[in-house]
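Peer 1: This is the structure, below, for whatever I ask next.
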């Protein structure tokens, strides 16, 4: 957080970008799952061109991986907040963390469905 709030549109965008990049850097440094998802995205960018039946499919395939990464970032933030609020194990905090993890799981399931559907349409459809 900065001492003063940005006033202009461009300054707000710059501050938001700096904060976002700081969050990405933190997640990359501290979360193995985030690093795996970034690695998967890097592999998927060229592989998706070959698998995607059309450009619209490619956008959906890459978009869903970006969604997985976004949900992973939200889950990381939620976990760090929970750890800050209560360092010791607490059943209610455990439920909050489990719900965040479930969100990541469902986004991964969606990604798998979209990629499998694209593969089936491309090669068997």
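Residue numbers (this note's numbering): 2 to 126. Glycine residues also receive a C-beta, built at the ideal position from the N, C-alpha and C atoms.
(1) Provide the residue span of the alpha helix (DSSP H) that contains residue 13, from first to last.
(2) Assuming residue 74 and residue 24 are in contact, meaning their beta carbons sit under 8 Å apart, how far apart are those beta carbons, in whole angstroms?
(3) Could you check what DSSP says for residue 84 in three-state terms: helix, strand or coil?
(4) Would the beta-carbon of residue 52 fall within 8 Å of that of residue 103?
(5) Counting along the chain, where does the alpha helix (DSSP H) carrying residue 55 start and finish?
Peer 2: So, from the listed chains and residues:
(1) It spans 10 to 31 - the alpha helix (DSSP H) in which residue 13 sits, taken as one unbroken run.
(2) 6 Å between Cβ atoms; contact.
(3) DSSP, reduced to helix, strand and coil, places residue 84 within a helical segment of the structure shown.
(4) Cβ distance not < 8 Å, so residue 52 and residue 103 don't count as in contact.
(5) Per DSSP, residue 55 belongs to no alpha helix (DSSP H) and is neither H nor E.
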